[in-house]
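Residue numbers (numbering that gives the first Met the number 0): 0 to 72.
We treat Cβ as the ideally placed atom computed from N, Cα and C, and that holds for glycine.
Read through the structure below, which is laid out as structure tokens, and then see the notes.
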Amino acid sequence: MSTSGKSSWPELLGWPVRPAMLTVKNERPEVSIDQLPEGTTPTPPGFRSDRVVVFYHTQDELGRRVATIPVIG
0 MSTSGKSSWP ELLGWPVRPA MLTVKNERPE VSIDQLPEGT TPTPPGFRSD RVVVFYHTQD
60 ELGRRVATIP VIG
């Protein structure tokens, strides 16, 4: 697994979830990407260098939008 490359995507904050996930996958194809409601915990919990979790707003009238900056972990 590559440990080089981008590790955070601040530009995706506020984006719709699906295009945000596609952007991360395009830039870091070796990582797994999960989408979760903000305030929840990924499974398994803890840091994982091969994972990006995209947390989204649950009360957004515009649909699921990225709530926090996606990062490796």
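Assuming residue i and residue j form a contact by the criterion Cβ under 8 Å, report the distance between their Cβ atoms to the nearest whole angstrom.
| i | j | result |
| --- | --- | --- |
| SER63 | PRO15 | Checking the displayed sequence, the identity of residue 63 turns out to be Arg instead of Ser. So it is a contact: roughly 7 Å between Cβ atoms. |
| ASP33 | PRO44 | Incorrect: roughly 12 Å between the Cβ atoms, too far for contact. |
| VAL51 | VAL65 | Wrong, their Cβ atoms sit about 11 Å apart, outside the cutoff. |
List the DSSP bridge partners of residue i.
| i | result |
| --- | --- |
| GLN58 | None, per the DSSP bridge assignment. |
| VAL70 | SER7 |
Tell me whether residue i is buried or exposed, calling it buried when 16 or more other Cβ atoms sit within 10 Å of its Cβ.
| i | result |
| --- | --- |
| HIS36 | Looking at the sequence shown, residue 36 is not His but Pro. PRO36 should be labelled exposed. |
| PRO9 | exposed |
| PHE54 | buried |
| LEU11 | buried |
| PRO69 | buried |
Is the CB of residue i under 8 Å away from at least one CB in chain D?
| i | result |
| --- | --- |
| GLN58 | The chain labelled as chain D is not found in the depicted structure, where only one protein chain is given. |
Cutting at 7 Å between CB atoms, please list the residues of its own chain near residue i, excluding the five before and the five after it.
| i | result |
| --- | --- |
| ARG47 | GLY72 |
Only counting runs of 4 or more residues, tell me where the alpha helix (DSSP H) segments fall wholly within the segment 14–65, in order along the chain. 16–26
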